[in-house]
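Chains as they are written, first to last, in numbering that gives the first Met the number 0: chain E, 0 to 488; chain C, 0 to 57. We put the CB at the ideal spot given by N, CA and C, even for glycine. Take a look at the structure below.
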Amino acid sequence: MARLVVLGGGVAGHTTATFAAKWLGSQHEVVVVTPNAKWNWIPSNIWVGVGQMTKEEVTFDLAPVYAKAGITYHQAKAVSINPEGAESSDKPFVTIEYTSADKAGETETIEYDYLVNATGPKLNFGATPGLGEGSQLGEHTVSVCTADHAVHASEKLNEAIEKMKAGTRQKFLIGTGHGMCTCQGAAFEYIFNIEHELRKAGVRDMADMKWISNESFLGDFGMGGLHMKVGGYVVSSKLFAESLFAERGVDWLIGAHTSKVENGKVEYELLDGSTGEEEFDFAMLIPPFAGVGLKAYNKAGEDITDTVFAPNGFMKVDADYTPKPYAEWKASDWPRTYQNPTYKNMFAAGIAFAPPHIISKPMKSPNGTPINPTPPRTGMPSGIIGKAVAHSVCDLMTKGDSAHLHEASMAEMGAACVASAGKGVFDGTAAAMTVYPVVPDFEKYPGTGRDTDYTFGEIGLAGHWIKHILHYLFIYKAKLNPGWTLIPE
Amino acid sequence: MSEKKLVEEEVNFQKSDAFNLTMIPGAFARKMRTCVIWQFIRFLIINIKMIIVVGKSH
Ligand SMILES: Cc1cc2nc3c(=O)[nH]c(=O)nc-3n(C[C@H](O)[C@H](O)[C@H](O)COP(=O)(O)OP(=O)(O)OC[C@H]3O[C@@H](n4cnc5c(N)ncnc54)[C@H](O)[C@@H]3O)c2cc1C
């Protein structure tokens, strides 16, 4: 019997573990190490953050689901990996630290035959002074990155609405909290959901709303933007994003690196090198992402973290990490199998893998500050990668080391994304988008880098219905209810 | 001389230079966004398009 250990029970890790358990049956063991007791459908945190859903509606207990699937579950966080074992044994192992109330702080080692790192991002609040490192909830700003953050954000939003009702104008500042952030889509959803709620509460005219982001143009979304066919034209997402902001009366400040956050004020640097300040009463600024800080040690106990992980803390996989200028970036730089090049029994899935470079055009201010979005790895690619990795590991376990590895390059897969712009069965809207492929391939699709037959977007109530249905569908799937394997990632 | 009626959806053009240089949907386009019958048709079409992209990606 061989053992697969999956680190992280989020979108990618949960997909890997549940498919592996199904395909391997009781012949082999699947172990999940993840610090939370609950699974969270993160996209719906946006609705928690505006009081339209509760924390309970977007989370569920993991233990019964893993018990049903025959998965061994440790509520713990991985601390380090010893891919060569220790002096006493060649067997590789991970060191974990329990986070469950009964065992909090206790450490343990778990041996593995195969390891999948799906630990997602560290929410790196510490990268920007004042953004909220250590506070769990943001210091002067709020966050919607976890369900608890979103509950707190909703409380603060209610306070702001009450102030407006009492006649005090409020300034809302939403966007990215650093020049190297990703996940602009989440901030985009949050600003328009707030705008929708303010209109419903009858206080929109008491609110000044501003978007602040590290994108060099609105609608970049960390993917270098996208082009879609609309009304006989092929148009950039910039035009659509600007149109929505103008329609809803939301100002924007782009190409901005938020350098400091204080009570009611942010300081920023722009791509032209100028600096400025922006005041706010309510701010939600997405923190930059980094790897979760796993360490790696060789057999002798020497630190080999630099061999296994990239400097940003994400795990190295089969990507081409050779530094090269933007003009030479290729779709083939992107990983296909997510296997670690040094230790072939280790894989990374979802946000945890180190991308070869960003997708958007790299930008720097004249002062040398990089101001550009880092690549998004949204739900669908994270799930597809998680499933491909599960397939590969299962084949290696059942067919031996020569088994064919499954591939899921982000330069060959599309993504369907539905960005909510307000919740409501009859007055809600969302931008429904697909992009194919996620990473543009200018050799295959000269011009836009993407197939414009499969890259489209439109805003409307239909998008909202889809987003709402997906909420129930993905939670149903993650709970492993009957037919769960039929629901695509 | 009668004053031209305010076209509500065009007012935002005046609010900033950035707003002025983009496109803003008119009353009809806005209405269609929440018109249940039209959106039901779009719902079917978008779902088909998404299923095709999902199918190409797996
Ligand atoms: C507010 C918000 C809205 C979003 N909306 C959308 C959307 O509408 N559509 C979309 O496609 N994507 C959306 N995303 C992105 C989507 O959530 C991510 O792409 C997806 O969660 C990535 O999956 P993952 O498994 O890599 O990471 P995660 O889902 O974050 O999972 C990582 C897991 O690893 C665990 N972990 C952390 N550290 C350790 C450790 N040391 N050891 C073990 N486990 C660890 C974490 O607790 C977590 O369970 C949104 C993101 C945010 C923040």
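Test: residue i CB closer than 7 Å to a CB of chain E
i	result
Val-6(C)	no
Lys-3(C)	no
CB contact below 7 Å: residue i versus chain C
i	result
Met-432(E)	no
Gly-248(E)	yes
Gly-459(E)	yes
Thr-428(E)	yes
Pro-487(E)	yes
Glu-241(E)	yes
Ala-245(E)	yes
Neighbour list for residue i in chain E, Cβ cutoff strictly below 8 Å
i	result
Ile-51(C)	Tyr-453
Within chain C, the residues that residue i reaches when beta carbons sit closer than 7 Å
i	result
Leu-238(E)	Thr-21, Met-22
Tyr-435(E)	Val-52, Lys-55
Leu-197(E)	The contacting residues do not exist; Leu-197(E) stays about 16 Å from chain C at best.
Thr-33(E)	Here the premise fails: no neighbours, minimum Cβ distance about 25 Å.
Beta-carbon proximity check, residue i vs residue j, cutoff 7 Å
i	j	result
Ala-68(E)	Val-32(E)	no
Pro-287(E)	Met-179(E)	yes
Thr-181(E)	Thr-373(E)	yes
Pro-34(E)	Thr-98(E)	yes
Ala-295(E)	Ile-109(E)	no
Phe-239(E)	Gly-184(E)	no
Cys-393(E)	Leu-23(E)	yes
Phe-352(E)	Phe-313(E)	yes
Trp-328(E)	Ser-408(E)	no
Ala-414(E)	Val-388(E)	no
Lys-476(E)	Val-417(E)	no
Gly-125(E)	His-139(E)	no
Gly-254(E)	Leu-243(E)	no
Thr-428(E)	Gly-456(E)	no
Ile-45(C)	Ala-245(E)	no
Ala-149(E)	Val-47(E)	yes
Ser-359(E)	Asn-371(E)	yes
Val-77(E)	Leu-293(E)	Contrary to the premise, residue 77(E) reads as Ala rather than Val in this sequence. In this structure, Leu-293(E) lies closer than 7 Å to Ala-77(E) by Cβ.
Lys-237(E)	Gly-224(E)	yes
Ser-153(E)	Gly-263(E)	no
Ala-117(E)	Ala-348(E)	yes
Val-265(E)	Thr-257(E)	yes
Gln-169(E)	Ala-146(E)	no
Pro-390(E)	His-403(E)	It should be noted that the sequence gives His, not Pro, for residue 390(E). No, they are not a contact pair.
Tyr-72(E)	Arg-2(E)	no
Ile-45(E)	Val-143(E)	yes
Leu-172(E)	Phe-279(E)	yes
Closer than 9 Å at the beta carbon, the chain C residues around residue i
i	result
Ala-77(E)	Per Cβ cutoff of 9 Å: no residues; Ala-77(E) is ~29 Å from chain C at best.
Trp-464(E)	Gln-38, Phe-39, Phe-42
Neighbour list for residue i in chain C, Cβ cutoff strictly below 8 Å
i	result
Trp-251(E)	Ala-17
Ile-383(E)	Ser-56, His-57
Phe-425(E)	Thr-33, Val-35
*Taking a cut of 9 Å between CB atoms, which residues from the segment 21-45 of chain C lie near chain E?*
The segment 21-45 of chain C vs chain E, Cβ under 9 Å: Thr-21, Met-22, Ile-23, Pro-24, Arg-29, Met-31, Arg-32, Thr-33, Cys-34, Val-35, Trp-37, Gln-38, Phe-39, Ile-40, Arg-41, Phe-42, Leu-43, Ile-44, Ile-45.
*asked:* Along the segment 404-418 of chain E, where does the CB come closer than 7 Å to a CB of chain C? Name the residues.
replied: Taking 7 Å as the Cβ-Cβ cut-off against chain C, the residues of the segment 404-418 of chain E that qualify are Met-412, Gly-413, Ala-415.
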